[in-house]
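Colleague: Below is the structure I would like to discuss, written out as structure tokens.
2 protein chains.
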Amino acid sequence: MNFSILTEVLLNNLLIAQKALSTRTPAPYLQGIKLEVYPKKIVMITSNSDISIKLSIKDESLEVQSTGDILIPGKFFVDIVRKLDSEKIKLSTIENNVLRIEAGNSDVTLNLLNVEDYPELEFVLNDNPIKLDSKVMKSIIRQTTFATSAIENRPILTGVNIRVEGEKLVAIATDSFRLSQKVIDIPKNFENMNVVIPGRSLDELFKILELNLDEILIHLDHKSILFEYGNVLFQSRLLDGNFPETSRLIPVEFPIIIKFNKHDLFEAIDRASLLSQKDGSTSIVKLQLRSDSQVEITSNSPEIGKVIEELFPLEKAIGIPIKIAFSSKYFMDALKTFNSDDVYVKFTGEIRPFVIEGDEDPGLIQLILPVRTE
Amino acid sequence: MNFSILTEVLLNNLLIAQKALSTRTPAPYLQGIKLEVYPKKIVMITSNSDISIKLSIKDESLEVQSTGDILIPGKFFVDIVRKLDSEKIKLSTIENNVLRIEAGNSDVTLNLLNVEDYPELEFVLNDNPIKLDSKVMKSIIRQTTFATSAIENRPILTGVNIRVEGEKLVAIATDSFRLSQKVIDIPKNFENMNVVIPGRSLDELFKILELNLDEILIHLDHKSILFEYGNVLFQSRLLDGNFPETSRLIPVEFPIIIKFNKHDLFEAIDRASLLSQKDGSTSIVKLQLRSDSQVEITSNSPEIGKVIEELFPLEKAIGIPIKIAFSSKYFMDALKTFNSDDVYVKFTGEIRPFVIEGDEDPGLIQLILPVRTE
């Protein structure tokens, strides 16, 4: 094969493809980028244990002299192309399975991997993908994946549960101490689905969504999920097993509701967390609704000192005085997901889960389990 | 003690003082910030095994109700003040050696350390300090400390040798594989000096110099060095022992001189280093002056591939063809220290040290030892 293209075009696509590159793998071919050169386009394929990416590159600058398939050591290739400073780059295979890269005054040769070793990957498209504004897809990821479990003892909780239920698409993540749920409206004509996607896959997809294209198509099947985004096909494996039924965990009635300025609440908890008692690596902070309707955020670390933060709810709080303790990190993580300037914190009791909602975040619920103290 | 001050003023000074804070130390008092409150100023003192810092704070916003000395747990205090968002902060001691911090709606109490445990530190000023433009001081640090040794088997090489010799101030650093030397002119009336300052101390001083005040005073003594910079006194310990005599290491005659565009040379070496042979963790790259007066930068890693970079010297090179191998990191580190757009690389032979100089960097020499190959 032999072709030339604008260096910038090649690089921008490589930076996407490398997100599915394996760095350490028992299968050396998964450290490779497969390049398929056709008369009028090139295709780039990468794959690791979680995700596979396929990019079709058609560009005015592409000039193909001869076609063919090669498998390039991924990390070295990306590093080199990233550092080239010439406008155009020419790639050609020379003797003995060697790639020659010519760009400006640089002349690089790179030993290729054996392209016959590369597995045939199936990218599963269907006829009726769900179309989303890519900003909505980004917010789903940003508002849920952080709440997945980082520990592998219940693998299903390392994923985000995606359900299609009638005219709703529901995304849920939980590590069993907190839960994030985002519901968005979709048209009616989709089959109901219930799958679990590794949180890590969604984190990688999020980075690709920084390209800020308008829309994304979700090709969802009981056994696979594939995101189509511009010239990118991004496919993730699904997690086996049943995601826990979480709907009964979320209280429906809240006798105590307090409205806060999100920024002030965040800052108060952040300051209190500095001198808080630790439960393992968790900083425990307390929120108290006083009988005079003011709120105190407090922490106390007997050896070091204590913090008292006084907060003024935006409206007179509803309900009776309450004192509740929680992980400051979980609370701050949850607050960060809201676009709303003001948030409602809703309680059912001192040892019951509480939720956070915001006017400008329809469909979003953050739930946190309190910590028992004393 | 009891005083109030603008939070921003306190914080800006704390961020300087914390550079001499010990985080892990067998002496808990060195984790503290000593605060001396006088009727019209406060003094902040911190110290670790390398450096001691003393800050005198006089500010219009300072209102002292009562004087006294306290020793505050440094890390917690800095963390708290950094996160306060009110304009003013009030500090007062309450019962049982406890500090109360009031700022906006925050009310923090912090258990103090015992101020009697804090050692008396001597900050040694002399009558005839050397006055430097603080930009010059920054460039001395930036152009030399990177070449100090990171390993401790010859402790003296972890420092920068500062000499006052007549009307010259000379700064030299070497890890025995490379050497950086910066010479600047100073007035005549200083006693000759020869001291070695830990590179780490200078790195911390560099961060403080980011304040971009006009000038810095160096109080140099055979046993101590103290930098006076605005309201900051920054004192460093000196390293014991004799710094090696390096003047004979620097060749004086160069039969081969090649002039390069610094940026192009840097980029070519950077690209070549990607596929270079490793000598331990060192990437070895070769520079060849060909008989047609062109230059090639090359690397070769048999298992992976090779790079050939062609470079065009800015003027016809002086001297005979030469091929020399070196650590790409050392060469790039050295190039980064030059302000000049163009640099001269000067050789005496294939296995002799070579030097880099630049027209716009008077007094600066970077010397590198080549690597033997084959």
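Going line by line, the protein sequences match chains A and B. Here my numbering runs 20 ahead of the position in the first sequence, where the first position is 1. Here my numbering runs 20 ahead of the position in the second sequence, where the first position is 1. Quick reminder that beta carbons are idealized off the backbone N, C-alpha and C, glycines included.
Are residue 51 of chain B and residue 200 of chain B touching if we call contact CB-CB under 8 Å?
Modeller: Here the question's residue 51 of chain B lines up with position 31 in the second sequence. Here the question's residue 200 of chain B lines up with position 180 in the second sequence. Cβ distance not < 8 Å, so residue 51 of chain B and residue 200 of chain B don't count as in contact.
Colleague: Is residue 210 of chain A helix, strand or coil when you go by DSSP?
Modeller: Mapped onto the first sequence, residue 210 of chain A falls at position 190. In this structure, residue 210 of chain A counts as coil in the three-state DSSP scheme.
Colleague: List the whole-angstrom C-beta distance separating residue 254 of chain B from residue 276 of chain B, where the pair is believed to meet the contact cut-off of C-beta under 8 Å.
Modeller: Within the second sequence, the letter at position 234 stands for residue 254 of chain B. Within the second sequence, the letter at position 256 stands for residue 276 of chain B. Not really, about 43 Å apart at Cβ, beyond 8 Å.
Colleague: Any residues in the segment 89-120 of chain B with a beta carbon nearer than 9 Å to a beta carbon of chain A? Which ones, in chain order?
Modeller: Residues passing the 9 Å Cβ filter: 93, 96, 99, 100, 103, 104, 105, 118 and 119.
Colleague: In this structure, what does DSSP give as the bridge partners for residue 218 of chain B?
Modeller: Here residue 218 of chain B refers to the residue found at position 198 of the second sequence. DSSP, once it has assigned bridges, lists B/179 as partnering residue 218 of chain B.
Colleague: I'd like to confirm the pairing. Which residues does DSSP put opposite residue 236 of chain B in its beta bridges?
Modeller: For this step, residue 236 of chain B is matched to residue 216 along the second sequence. DSSP, once it has assigned bridges, lists B/152 as partnering residue 236 of chain B.
Colleague: Throw me the rounded Cβ distance for the residue 294 of chain A and residue 326 of chain A pair, which I believe falls under 8 Å.
Modeller: Here residue 294 of chain A is taken as the residue at index 274 of the first sequence, counted from 1. Here residue 326 of chain A is taken as the residue at index 306 of the first sequence, counted from 1. At roughly 10 Å, the Cβ-Cβ gap does not stay under 8 Å, so residue 294 of chain A and residue 326 of chain A are not in contact.
Colleague: With 8 Å as the threshold, decide whether the Cβ of residue 74 of chain A is near any Cβ in chain B.
Modeller: Stepping through the first sequence from its first residue, residue 74 of chain A is reached at position 54. Not an interface residue.
Colleague: Among B/287, B/383, B/370 and B/68, which residue has its Cα nearest to the Cα of residue 351 of chain B?
Modeller: Counted from its first residue, the second sequence places residue 351 of chain B at position 331. The shortest Cα separation from residue 351 of chain B among B/287, B/383, B/370 and B/68 belongs to B/287.
Colleague: For a cutoff of 8 Å on Cβ pairs, would you count residue 57 of chain B as touching chain A?
Modeller: The sequence position of residue 57 of chain B within the second sequence is 37, counting from 1. Residue 57 of chain B does not count as touching chain A.
Colleague: Cβ atoms of residue 53 of chain A and residue 88 of chain A: under 8 Å apart, would you say?
Modeller: Here the question's residue 88 of chain A lines up with position 68 in the first sequence. Here the question's residue 53 of chain A lines up with position 33 in the first sequence. Not closer than 8 Å, so no.
Colleague: Can you pull the chain B residues whose beta carbon is under 8 Å from the beta carbon of residue 303 of chain A, in chain order?
Modeller: For the purposes of this step, residue 303 of chain A is identified with residue 283 of the first sequence, where counting begins at 1. Going along chain B, no residue has its Cβ under 8 Å from residue 303 of chain A, so there is no contact; the nearest lies around 12 Å.
Colleague: For residue 370 of chain A, tell me which candidate among A/55, A/323, A/306 and A/238 has the shortest Cα-Cα distance.
Modeller: In the first sequence, residue 370 of chain A corresponds to position 350, counting from 1. The candidate whose alpha carbon is nearest that of residue 370 of chain A is A/306.
Colleague: Between the segment 282-299 of chain A and chain B, which residues of the former have CB atoms less than 8 Å from a CB of the latter, in chain order?
Modeller: Result list: 287, 288, 290, 291, 294 and 295.
Colleague: Taking the CB atoms as reference points, tell me whether residue 334 of chain B and residue 362 of chain B lie closer together than 8 Å.
Modeller: Mapped onto the second sequence, residue 334 of chain B falls at position 314. Mapped onto the second sequence, residue 362 of chain B falls at position 342. Yes, Cβ-Cβ distance for residue 334 of chain B and residue 362 of chain B is below 8 Å.
Colleague: Please state the DSSP three-state secondary structure of residue 359 of chain A.
Modeller: Your numbering for residue 359 of chain A matches position 339 in the first sequence. Three-state DSSP puts residue 359 of chain A in coil, outside helix and strand.
Colleague: What three-state label does DSSP hand residue 64 of chain A in the structure shown?
Modeller: The residue labelled residue 64 of chain A in the question sits at position 44 within the first sequence. In the structure shown, residue 64 of chain A sits in a strand (DSSP, three-state: E or B).
Colleague: Quick one: Cα of residue 340 of chain A to Cα of residue 378 of chain A, how far?
Modeller: Here residue 340 of chain A is taken as the residue at index 320 of the first sequence, counted from 1. Here residue 378 of chain A is taken as the residue at index 358 of the first sequence, counted from 1. Rounded to the nearest angstrom, the two C-alpha atoms are 22 Å apart.
Colleague: How about residue 376 of chain B and residue 389 of chain B: do their beta carbons lie closer than 8 Å?
Modeller: Looking up residue 376 of chain B in the second sequence gives position 356. Looking up residue 389 of chain B in the second sequence gives position 369. Cβ atoms of residue 376 of chain B and residue 389 of chain B: not closer than 8 Å.
Colleague: Report the partner residues of residue 327 of chain A according to the DSSP bridge assignment.
Modeller: On the first sequence, position 307 is the one that residue 327 of chain A refers to. A/319 and B/128, per the DSSP bridge assignment.
Colleague: Go ahead and label residue 290 of chain B buried or exposed: buried means 16 or more other beta carbons lie within 10 angstroms of its beta carbon, across all protein chains shown.
Modeller: Position 270 of the second sequence, counted from the start, is the residue given in the question as residue 290 of chain B. It is buried - the Cβ of residue 290 of chain B has at least 16 other Cβ atoms within 10 Å.
Colleague: Can a CB atom of chain A be found closer than 8 Å to the CB of residue 325 of chain B?
Modeller: On the second sequence, residue 325 of chain B is found 305 positions in, with the first residue counted as 1. Chain A contact via Cβ: present.
Colleague: Does residue 131 of chain B have its Cβ less than 8 Å from a Cβ in chain A?
Modeller: Mapped onto the second sequence, residue 131 of chain B falls at position 111. Closer than 8 Å: yes.
Colleague: Please say whether residue 311 of chain A and residue 337 of chain A have beta carbons closer to each other than 8 Å?
Modeller: Against the first sequence, residue 337 of chain A aligns to sequence position 317. Against the first sequence, residue 311 of chain A aligns to sequence position 291. In this structure, residue 311 of chain A does not lie closer than 8 Å to residue 337 of chain A by Cβ.
Colleague: Could you give the first and the last residue of the continuous beta strand (DSSP E) run that contains residue 97 of chain A?
Modeller: The sequence position of residue 97 of chain A within the first sequence is 77, counting from 1. Where residue 97 of chain A is concerned, there is no enclosing beta strand (DSSP E), although the alpha helix (DSSP H) it sits in stretches over 94-103.
Colleague: Looking at residue 156 of chain B: is its Cβ nearer than 8 Å to the Cβ of residue 77 of chain B?
Modeller: One-based indexing of the second sequence puts residue 156 of chain B at position 136. One-based indexing of the second sequence puts residue 77 of chain B at position 57. No. Outside cutoff.
Colleague: At what residues does the alpha helix (DSSP H) containing residue 31 of chain B begin and finish?
Modeller: Within the second sequence, numbered from 1, the residue matching residue 31 of chain B stands at position 11. Start and end: 27-37.
Colleague: What are the boundary residues of the alpha helix (DSSP H) that residue 290 of chain B is part of?
Modeller: As a working mapping, residue 290 of chain B is identified with position 270 in the second sequence. Start and end: 282-294.
Colleague: What is the C-beta distance between residue 2 of chain B and residue 178 of chain B, in whole angstroms, given that I count them as a contact (C-beta under 8 Å)?
Modeller: Residue 2 of chain B falls outside the range modelled here, since chain B spans only 21 to 394, and no answer is possible.
Colleague: Give the range of the beta strand (DSSP E) segment to which residue 186 of chain B is assigned.
Modeller: Taking the second sequence and counting its residues from 1, one reaches residue 186 of chain B at position 166. Neither: residue 186 of chain B is in no beta strand (DSSP E) and is coded neither H nor E.
Colleague: Give the range of the beta strand (DSSP E) segment to which residue 302 of chain B is assigned.
Modeller: Taking the second sequence and counting its residues from 1, the one referred to as residue 302 of chain B is at position 282. Looking at the DSSP string, the run of the beta strand (DSSP E) that includes residue 302 of chain B is 302-309.
Colleague: If I'm right that residue 182 of chain A touches residue 204 of chain A with Cβ under 8 Å, what's the distance once you round it to whole angstroms?
Modeller: On the first sequence, position 162 is the one that residue 182 of chain A refers to. On the first sequence, position 184 is the one that residue 204 of chain A refers to. Actually they are not in contact, since the Cβ atoms of residue 182 of chain A and residue 204 of chain A sit about 11 Å apart, beyond 8 Å.
Colleague: Just tell me which of A/27, A/381 and A/284 has its CA closest to the CA of residue 124 of chain A.
Modeller: Taking the first sequence and counting its residues from 1, one reaches residue 124 of chain A at position 104. Selected option, being the one with the closest Cα: A/27.
Colleague: In whole angstroms, give me the CA-to-CA distance for residue 34 of chain A and residue 90 of chain A.
Modeller: Taking the first residue of the first sequence as 1, we reach residue 34 of chain A at position 14. Taking the first residue of the first sequence as 1, we reach residue 90 of chain A at position 70. In a straight line, the C-alpha of residue 34 of chain A is about 15 Å away from that of residue 90 of chain A.
Colleague: If the criterion is Cβ atoms closer than 8 Å, does the pair residue 239 of chain B and residue 149 of chain B meet it?
Modeller: By one-based count along the second sequence, residue 239 of chain B stands at place 219. By one-based count along the second sequence, residue 149 of chain B stands at place 129. In this structure, residue 149 of chain B lies closer than 8 Å to residue 239 of chain B by Cβ.
Colleague: At 9 Å on the CB atoms, spell out the chain B contacts of residue 380 of chain A, in chain order.
Modeller: Taking the first sequence and counting its residues from 1, one reaches residue 380 of chain A at position 360. Within 9 Å Cβ-Cβ: nothing; residue 380 of chain A doesn't reach chain B, min ~23 Å.
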